[in-house]
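Residue 53 in the UniProt record's numbering is what sits at position 53 of the sequence shown, and the numbering runs on without skipping anything. Yeah, the Cβ is synthetic: ideal placement off N, Cα and C, and Gly gets one too. First comes the structure, then the notes that go with it.
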Amino acid sequence: MSDKDIKKEQENEQLQDNTAKTEAEVQDEELNQEEEIAETAEEGQQDNTAAELAEMKDKFVRLMAEFENFRRRTAKERIDLAKTATQDLMGDLLPVLDDMERARQSIEATKDVDAMLQGLELVFHKLKHVTQQKGLKPMEIKAGDSFDSDMHEAVTQIPAPSEELKGKIVDVIEKGYTLNDKVIRFAKVIIGA
């Protein structure tokens with residue numbers, strides 16, 4: 001072989017080596033790029049997860065603050081409502097109170113018992129009317145009614161005057177009252193034994 005042929009062969013070998021090296025380098029670079037992309041994607045995913053977590057924490061903290069504000073506001077409203085709940089009832093009872101004061105003054109000044117009784121009767125009816133408008137109703141209980149522990153309070157038991165009054169109400173000591181169908185004072189009764 002001639003020198004030219006040898007040189008060409010060497011050049012071809014170098015070219016093939018360079019090509020092989022280049023292909024290997026390209027593959028290595030591609031692998032490195034894929035690894036970098038995978039790492040970047042993983043970091044991006046971690047960043048996304050961290051961002052989501054931070055967003056959720058922020059939402060949670062805001063929600064808790066909002067709930068705490070709601071709780072405080074409703075507690076304050078409840079206290080305010082309790083303070084002013086009786087305001088309109090008291091406003092309706094003021095005329096009755098005025099009438100009672102006038103009745104007391106007239107009792108001191110007059111000696112006419114019938115006029116005093118009529119005046120007191122009028123004031124009593126006015127008071128009864130105001131309370132009924134607000135939902136207060138007396139319980140209708142009489143001797144011989146069955147005892148109901150949801151409506152009555154047994155003060156004592158006495159021997160029944162007759163057989164049909166055993167276990168039933170014999171006498172009513174104090175009236176019971178309901179406010180809008182809720183018992184606010186149990187009727188105090190005596191039961192026959």
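**OP:** Please say whether S106 and M116 have beta carbons closer to each other than 9 Å?
**Re:** In contact: M116 and S106 (Cβ atoms closer than 9 Å).
**OP:** State the beta-bridge partners of I158 as determined by DSSP.
**Re:** Answer is G192, bridged to I158.
Original post:
Who does K168 pair with in a DSSP beta bridge?
Top reply: Within the DSSP secondary-structure output, K168 pairs in a beta bridge with S146.
Original post:
What does a CB cutoff of less than 8 Å around L93 pick up in its chain, not counting 5 residues either side in sequence?
Top reply: In its chain, beyond the 5 residues on either side, L127 and V130 have a beta carbon closer than 8 Å to the beta carbon of L93.
Subject >> Beta carbon of G192 nearer than 9 Å to that of K168 >> reply: Cβ distance < 9 Å, so G192 and K168 count as in contact.
**OP:** Using only the heavy atoms of the ligand GTP, determine whether one of them is closer than 8 Å to the beta carbon of V183.
**Re:** Summarising the ligand content, the structure contains no ligands, and the ligand GTP is consequently not present.
**OP:** Compute the Euclidean distance between the alpha carbons of L31 and Q10, then round it to the nearest angstrom.
**Re:** Linking L31 to Q10 through their CA atoms gives a straight-line distance of about 30 Å.
Original post:
Distance, Cα to Cα, E29 vs F70?
Top reply: Between the C-alpha atoms of E29 and F70 there is a straight-line separation of about 60 Å.
**OP:** Determine the DSSP secondary structure at A85, reduced to helix, strand or coil.
**Re:** It is coil, neither helix nor strand.
Original post:
Residues bridged to R72 by DSSP?
Top reply: R72 is not bridged to any residue.
**OP:** Give the straight-line distance between the Cα atoms of M100 and L120, rounded to the nearest whole angstrom.
**Re:** For M100 and L120, the distance between alpha carbons rounds to 8 Å.
Original post:
Which of helix, strand or coil does DSSP assign to E29?
Top reply: In this structure, E29 counts as helix in the three-state DSSP scheme.
Original post:
Relative to the alpha-carbon of D145, which residue among V183, K111 and A187 has its alpha-carbon at the smallest distance?
Top reply: It is A187.
Original post:
So K175 is in the beta strand (DSSP E); what residue range does that whole segment cover?
Top reply: Note, K175: premise wrong, no beta strand (DSSP E); not H, not E.
Original post:
When the Cα atoms are used, what is the spatial distance from Q118 to K142?
Top reply: A straight-line Cα-Cα distance of about 27 Å links Q118 and K142.
Subject >> Environment of V113 [buried if 16+ CB atoms lie within 10 Å] >> reply: With fewer than 16 other Cβ atoms within 10 Å, it is exposed.
Subject >> Reduced DSSP secondary structure (H/G/I, E/B, other) of E153 >> reply: Three-state result, E153: strand.
**OP:** Go ahead and pull the three-state DSSP assignment for I141.
**Re:** Coil.
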